[in-house]
Amino acid sequence: MAATSIKPSFVELYTPKLLTVLREGYGLGHLRADAISGLTVAIVALPLSMAIAIASGVTPDRGLYTSIIGGFIVSALGGSRFQIGGPAGAFIVLVAACVAQHGLDGLLLATFLSGLMLAAVGLLGLGTFIKYIPYPVTVGFTAGIAVIIFASQIKDLLGLTLAAEPGPLLPKLAALAGALPTASPAAIVITAVTVGHILLLRRLRPHWPAFIIAVSVAAAGAALVGAPVETIGTRFGGIPQTLPLPQLPAMSWEKIVAVLPNALSFTLLGCIESLLSAVVADSMTGRRHRSNCELVAQGLANIASPLFGGICVTGNIARTATNVRSGARGPVSGMLHSVFLLLFMLVAAPLASYIPLAALAGVLAIVAWNMAEKHEFATLIRASRGDAVVLLVTFLLVIFVDLSTGIVAGFVVSALLFLHRMAQTVAVENGKPMTDEDRADTANGDQRKPYDAAPATDPDVVVVRISGAFFFGAAAAVGAALDRIGEAPRAYVVDLSAVSLLDSTGAATLEGFVRKANRQSVVVYVAGATRAVRRTLLIHGIRRPRVRFVASVTEAVAAVHARIDRAGAEGEAEPQPG
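Counting in full-length UniProt numbering, the sequence shown runs from 1 upward without gaps.
If you want it as structure tokens, here you go:
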């Protein structure tokens, strides 16, 4: 009977979860649960989408377009049952920088190109590698983004009057400090009312939509008393009540080249943020998402969003968690969340003009506080010196340089520290075969004697035992240890039974040792090599007659003595290697 492969097929890996849910059976009860959850998420997403868009340097309606178009596609075609797509706070820094550098047209083009890249990453199956992003890097860039988001909201939180707000953090803080005398008491009161309502509702009524309630109270209060504060209406002229017709972003070769670095940054962060959000949903529900299918959907969403004037789309952890906690049964909830947002825009857009910018800034201040992952940050600082270094490098570079540099630098430092730790786990021990006393110590639990060979001291054999991952990071140390071996015996036995990994650099180091031994007419036995290790050795020319492969050190020692005895009986010189 032919064996059945458990590896998922291409079709299974890229089948949207919506189809999976519908095939399992989707009834009226499921639809009711998804409608309630979708409405709850829409109420949360409404102020957030506008606030994130404003903080990103674009008009609030573009945040709604992103949630409506992008969010619908992410849920309909994605690889997660519960993912909610839309604009995310993590993108504020990148989007604002792109708008400042290339304008709105440049942002739309960069988002479109990022969508193509995300879809390609998913189709090439590269989404699997996102799981190798180290945890300290994730915490570091998330905390850094939180700091930048909060700093970007100080102006509206306090109602400051500022001619031009610098982008870099230190000049920004200096400019804001200089503008403190222009602070608006009305804006400060609205900020306090908004933040206070959110915190109070989360404590007393955690299931209520705190964001929309707090923003509504602030807007109603400001309108009733005629507070002299900036609103969506006074700054942006309100929100359209219809979706724009789709059109391609303005393209030229020069423009594509100019925005390509921005598109790459959007792609990198989009991969991390979306799959991290999907993992959070998995941990809350016990389900498993399809990472590459999810990235393809994210790519398609980012292709479609700028066609309607929207900005970057990604999975959003807060809204996804709200979706799960609200009882969603599947992707229909996310699709309905987009439909409800569209209805809100069509019906209630004129009311959005009364929303004070200080209230939306208060919402983003809460979002930044929640993003900061303060407990995880403190834990990593205490965990180990290496984790603390990676965390701080990422965090500080995100704050003072830019997001992409912080992520890449954090990953590189983390990789170097990992290689250093792995190199330290490699051990090289050399000596004569195990004596009767050594064997007795081993039987009594002393694991420091590694050699399993003849029961007497043997001047003819030196056993070299290598353990751990023998890779380029450890090759120099292993090579130096091999060079320190004393007088050449009749034979070397290289015990590789404890080598878990051997790369080309490690194999080249062993090949040099074998070459030196062959020049000295010393026979080399390789004992205990796994199939993968042996294959690497063979590729690098470590094969018969230069070496003999045996199953164990004991077998190697026996073979050496058999050669010596045979040569002595025949009265001839011992056969030489090579």
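Glycine residues also receive a C-beta, built at the ideal position from the N, C-alpha and C atoms.
- Counting along the chain, valine 393 sits inside no beta strand (DSSP E); it lies in the alpha helix (DSSP H) bounded by residues 385-400.
- In the DSSP assignment, tyrosine 65 is bridged to no other residue.
- Assignment of glycine 167 by DSSP, reduced to helix, strand and coil, places it in the coil class.
- Taking alanine 365 as the centre and dropping the five residues before and after it, the same chain places the C-beta of Phe150, Gln153, Leu157, Val195 closer than 7 angstroms to its C-beta, in chain order.
- Boundaries of the beta strand (DSSP E) harbouring serine 500: 491-502, taken from the DSSP string.
- Arginine 465 is bridged by DSSP to Glu429, Asp495.
- Around the beta carbon of aspartate 387, 16 or more other beta carbons sit within 10 angstroms, so the residue counts as buried.
- Judged by DSSP secondary structure, tyrosine 135 falls within the alpha helix (DSSP H) whose first and last residues are 135-158.
- Its chain contains Leu346, Ala349 as the residues whose beta carbon lies nearer than 6 angstroms to that of glutamine 241, once the 5 sequence neighbours on both sides are disregarded; these appear in chain order.
- Boundaries of the alpha helix (DSSP H) harbouring valine 95: 92-123, taken from the DSSP string.
- Annotated as proximal: glycine 79 and histidine 289, with beta-carbon spacing under 8 angstroms.
- In the three-state scheme derived from DSSP, where H, G and I count as helix and E and B as strand, proline 246 is classed as coil.
- Per DSSP, reduced to three states, the secondary structure at phenylalanine 377 is helical.
- Secondary structure in the segment 206-270: the alpha helix (DSSP H) runs of 4 residues or longer, each lying completely within the stretch, are 210-225, 232-236 in chain order.
- Note: threonine 314 is bridge-paired with Gly86 in the DSSP secondary-structure output.
- Per DSSP, alanine 551 is not a residue of any beta strand (DSSP E), being assigned neither H nor E.
- Shown here for valine 137: same chain residues with a beta carbon closer than 7 angstroms to its own, the five before and five after excluded, namely Val390, Thr394, Ile407, Gly410, Phe411, Ser414 in chain order.
- With 16 or more neighbouring CB atoms inside 10 Å of its own CB, leucine 510 falls in the buried class.
- In the three-state reduction of the DSSP assignment, phenylalanine 470 falls in the strand class.
- Fewer than three Cβ pairs drawn from the segment 158-165 and the segment 320-335 lie within less than 8 angstroms of each other, which leaves the two stretches out of contact.
- Straight across, the Cα-Cα distance linking glycine 238 with valine 401 is about 34 angstroms.
- Contact annotation, leucine 341 with alanine 45: C-beta distance approximately 6 angstroms; criterion of less than 8 angstroms satisfied.
- CA-CA distance, proline 171 to leucine 104, rounds to 24 angstroms.
- For proline 181, the three-state secondary structure derived from DSSP is helix.
- Counting only the Cα atoms, alanine 423 lies some 36 angstroms from glutamate 294.
- Its chain contains Leu162, Glu165, Pro166 as the residues whose beta carbon lies nearer than 7 angstroms to that of alanine 175, once the 5 sequence neighbours on both sides are disregarded; these appear in chain order.
- Residue environment: phenylalanine 344 is assigned as buried (16 or more neighbouring CB atoms within 10 Å of its CB, all protein chains considered).
- Serine 49 and proline 87 do touch by the CB rule: their CB atoms are close to 6 angstroms apart, below 8 angstroms.
- Sequence-distant partners of threonine 191 (beyond 5 residues in either direction) whose C-beta falls short of 6 angstroms from its own C-beta, in its chain, are Leu157, Ala358, Gly362.
- Between the segment 305-318 and the segment 241-252 there are three or more inter-stretch CB-CB distances shorter than 8 angstroms, so the stretches are counted as touching.
- Per the coordinates, the alpha-carbon of alanine 278 lies some 15 angstroms from the alpha-carbon of isoleucine 133.
- In this structure, isoleucine 198 lies away from alanine 179, with their beta-carbon atoms at least 8 angstroms apart.
- The beta-bridge partner set that DSSP reports for proline 356 consists of Thr231.
- Per the coordinates, the alpha-carbon of phenylalanine 129 lies some 14 angstroms from the alpha-carbon of threonine 267.
- Judged by DSSP in its simplified three-state form, valine 526 adopts strand.
- Annotation for isoleucine 68: Ser338, Leu341, Leu342 place their beta carbon closer than 6 angstroms to its own, counting only its chain and skipping 5 residues before and after.
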